[in-house]
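In the numbering used here, the protein residues as written are 64 to 134.
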């Protein structure tokens, strides 16, 4: 009797599907991002990205994206 061995891509896909089923797309995305190998200094990068933006501007941008269904 031969045992079927799944490919790495199949395992990744099934894992992603399980995460989405249990956590929803946003929760699954947050989970993967939290556990993904990263590089650089996120804190310093964030400071550069948002250096010229006020909290009000950032909040408005988020609300605009939500109203368009982009997040």
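Backbone N, C-alpha and C define an ideal beta-carbon position, used for all residues, glycine too.
Query                                                                                               : Result
Please confirm whether residue 128 and residue 134 have their CB atoms less than 8 Å apart.         : yes
Please classify residue 67: does DSSP put it in a helix, a strand, or coil?                         : coil
Quick check: the segment 90-98 against the segment 107-118, are there 3 or more CB pairs under 8 Å? : no
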